[in-house]
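First residue of the sequence shown: 335, per the working numbering; consecutive thereafter.
We put the CB at the ideal spot given by N, CA and C, even for glycine.
What follows is a set of notes on a single structure, which appears directly below.
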Amino acid sequence: MDGMLSQEEINALIGGGLSTSSSGNGDTLNDSEKDALGEISNICMGTAATTLYSLVNQKVVITTPVVNITRWEELTADYARPCVFINIYYKEGIDGNNVLILKEDDVKIITDLMMGGDGLNPAPELSELHFSAICEAMNQMMGSSATSLSSMLNTKIDISPPEADLVDMAGDIDEAKVTDFMKKDFACVTFRMTIGDLVDSTIMQLYPIELAKELYRRFSGEEEVAPAAPEPPKAAPEPPKAAPASQAPQMQQPPMMDQSMMGQPMMGQPMMGQPMMMGQPMMMGQPMMMQQDVNVQNVQFQAFNPMVNPVTQQENIELIMDVPLEVSVVLGRTRKSIKEILEFSPGTIIELDKLAGESIDVMVNQKLVAKGEVVVIEESFGIRITEIIKEKI
Numbered sequence: 335m336d337g338m339l340s341q342e343e344i345n346a347l348i349g350g351g352l353s354t355s356s357s358g359n360g361d362t363l364n365d366s367e368k369d370a371l372g373e374i375s376n377i378c379m380g381t382a383a384t385t386l387y388s389l390v391n392q393k394v395v396i397t398t399p400v401v402n403i404t405r406w407e408e409l410t411a412d413y414a415r416p417c418v419f420i421n422i423y424y425k426e427g428i429d430g431n432n433v434l435i436l437k438e439d440d441v442k443i444i445t446d447l448m449m450g451g452d453g454l455n456p457a458p459e460l461s462e463l464h465f466s467a468i469c470e471a472m473n474q475m476m477g478s479s480a481t482s483l484s485s486m487l488n489t490k491i492d493i494s495p496p497e498a499d500l501v502d503m504a505g506d507i508d509e510a511k512v513t514d515f516m517k518k519d520f521a522c523v524t525f526r527m528t529i530g531d532l533v534d535s536t537i538m539q540l541y542p543i544e545l546a547k548e549l550y551r552r553f554s555g556e557e558e559v560a561p562a563a564p565e566p567p568k569a570a571p572e573p574p575k576a577a578p579a580s581q582a583p584q585m586q587q588p589p590m591m592d593q594s595m596m597g598q599p600m601m602g603q604p605m606m607g608q609p610m611m612m613g614q615p616m617m618m619g620q621p622m623m624m625q626q627d628v629n630v631q632n633v634q635f636q637a638f639n640p641m642v643n644p645v646t647q648q649e650n651i652e653l654i655m656d657v658p659l660e661v662s663v664v665l666g667r668t669r670k671s672i673k674e675i676l677e678f679s680p681g682t683i684i685e686l687d688k689l690a691g692e693s694i695d696v697m698v699n700q701k702l703v704a705k706g707e708v709v710v711i712e713e714s715f716g717i718r719i720t721e722i723i724k725e726k727i
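Okay, here's the thing in structure tokens:
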């Protein structure tokens, strides 16, 4: 060989961006197909980012994707290892599957946030609990993506529960953990993902070439979804046979109505202009609920056996020793009319119901607790307790 590229290799480089290590099997995507796959992935991942935000309670940003064609050898050389491979299988609407690749450290932070942590001290190793948590996160994220994809392609699309595996990505393909389409050229969609100040990383979504082309045909309208076959027309029911004249039912004459009932709807009968449903009247604006059989049982309460005897229970009064209370001293009271109050002026003397020298009331939160006498302490009034009220008043 003279070292020059063949025409097939030149076409492969121009059309799909394949490297010279490509298998030359013709599996590639043109620019339109790449653009369509990128647009689909961008919309789906935007919806997935919103779902992830609700799970980790952190701002999630996923940037515009970059689409290229790659192989397993190139993927393992450019991406960090080990990684978590999340296989997503379509069970309705689309045939095939795709793989979402996340870095191990990113999965640790995401699962730590989902479990109530702060993401700053994730677990040193991934356990079964972490794989279960990330599968649940991907199930909700890719489920919302499938809903967006259903709207774009105008057909119902559903996925199976995702499966997660830790893949070292060193050396040959681990056939037990990756799918068959990764043994040849496949489409790789790369995103940059940030989660608050904790994650600034790269995630990838891998598609088989056949699935990428099918998505392009659906997205561009070249492949229409076949409508469901119409049901065969049903045979018209035979008209009921007329009953013999001797057996014809007699029309019953409606009972006479009292004039006071004229213009009022009868019990169980619809009003004029009221719609009917299933032979029963329906309230305007309210659908008639179908009556269903319910299983009615007598409620049984568990016997209440207090475990602690209130008499023998030790009380910890120290818990309320610092609670502040309002203490007030009442010299006496009286009643006045509004007219008498309006006649108050400086110098007016108000006679109280207490006699001179009689004990005054000591109130705690408006409750009478003691009686005492007024004393003078330096320049302030005080009260000397003379009696503690033990009985409730």
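**Study point:** Cutoff 8 Å; reference K670; Cβ partners in own chain excluding five residues on either side
**Key:** The answer, listed in chain order, is I684.
Review point. From this set, E712, V661, L549, which residue's C-alpha is nearest T489's C-alpha?
Key: Measuring from the Cα of T489, the nearest candidate turns out to be L549.
Review point. Just curious, the beta strand (DSSP E) that G706 is in, first and last residue?
Key: Annotation: the continuous beta strand (DSSP E) that includes G706 extends over 701-711.
Check your understanding: Is Y413 helix, strand or coil by DSSP?
Key -> Here DSSP, grouped into helix, strand and coil, assigns Y413 to coil.
Review point. How long is the line joining the alpha carbons of G477 and G380, rounded to whole angstroms?
Key: Rounded to whole angstroms, G477 and G380 show a C-alpha spacing of 13 Å.
Exercise for review: Count the C-beta pairs between the stretch 374-390 and the stretch 462-475 that are closer than 8 Å, then say yes if the count reaches three, no if not.
Suggested key: Short answer: they touch.
Review point. Is the CB-CB distance between L409 and Q539 below 8 Å?
Key: No; because the gap between Cβ atoms is not below 8 Å, this pair is not in contact.
Review point. Below 8 Å between beta carbons: does that hold for E544 and L500?
Key: Taking the C-beta atoms as reference points, L500 is found no nearer than 8 Å to E544.
Check your understanding: Got a sec, what are the start and stop residues for the alpha helix (DSSP H) K547 sits in?
Key -> For K547, the enclosing alpha helix (DSSP H) covers residues 543-554.
Review point. If you check the beta carbons only, do K688 and G706 fall under 8 Å apart?
Key: No, Cβ-Cβ distance for K688 and G706 is not below 8 Å.
Review point. Does the distance from the CB of K442 to the CB of G530 come in under 8 Å?
Key: In this structure, G530 does not lie closer than 8 Å to K442 by Cβ.
Check your understanding: My guess is that L447 and V418 are in contact by the Cβ rule of under 8 Å, so how many angstroms apart are they, rounded?
Key -> Separation of the CB atoms of L447 and V418 is rounded to 16 Å, and the pair is thereby denied contact status at 8 Å.
Practice item. Kindly indicate which residue of T445, G453, I403 has the alpha-carbon position closest to the one of L460. Key: Residue T445 is the option with its Cα nearest to L460.
Review point. Any idea what DSSP makes of M472, helix, strand or coil?
Key: When DSSP states are grouped into helix, strand and coil, M472 belongs to the helix group.
Review point. What is the rounded straight-line gap between the Cα of C522 and the Cα of P542?
Key: Taking the straight line from one Cα to the other gives about 9 Å.
Check your understanding: Under three-state DSSP, which class holds G372?
Key -> Three-state DSSP puts G372 in a helix.
Check your understanding: With 16 other CB atoms within 10 Å as the buried threshold, where does K547 fall?
Key -> That one is buried.
**Study point:** Run of the beta strand (DSSP E) containing L686, from where it starts to where it stops
**Key:** Premise fails: L686 is in no beta strand (DSSP E) and is neither H nor E.
Point to revise | Residues that DSSP places opposite T362 in a beta bridge | key: Looking at the DSSP assignment, T362 forms no beta bridge with any residue, so it has no partner.
Check your understanding: N431 CB to nearest chain D CB: under 8 Å?
Key -> Of the chains in the structure shown, none is chain D; there is only one protein chain.
Check your understanding: Expressed to the nearest angstrom, what Euclidean distance is found between the alpha-carbon atoms of D695 and E674?
Key -> Cα to Cα, the separation comes out at about 26 Å.
Review point. In whole angstroms, what separates the C-alpha of A498 from that of V657?
Key: CA-to-CA, the gap between A498 and V657 works out to about 56 Å.
Review point. With a Cβ-Cβ cutoff of 8 Å, do I422 and I374 count as a contact?
Key: Going by C-beta atoms, I422 is not nearer than 8 Å to I374.
Check your understanding: Residues in its own chain within less than 7 Å of P496 by CB, not counting five upstream and five downstream?
Key -> Once the five neighbours on either side are set aside, the close Cβ partners of P496 are I420, N421, I422, C469, M472, N473, M476.
**Study point:** Residues near F553 in its chain [Cβ-Cβ closer than 8 Å; skip 5 each side]
**Key:** So the qualifying residues of the chain are A370, E373, I374, M486, L487.
**Study point:** For M528, the three-state DSSP class (helix, strand or coil)
**Key:** The sequence given here places Thr at residue 528; Met does not occur at that position. T528 falls in the strand class under three-state DSSP.
Check your understanding: Any idea if P599 is buried or exposed, counting beta-carbon neighbours within 10 angstroms, 16 or more meaning buried?
Key -> Any answer about P599 is weak, because its pLDDT of 46 lies below 50 and its placement is not dependable; what the coordinates show is given next. It is exposed - the Cβ of P599 has fewer than 16 other Cβ atoms within 10 Å.
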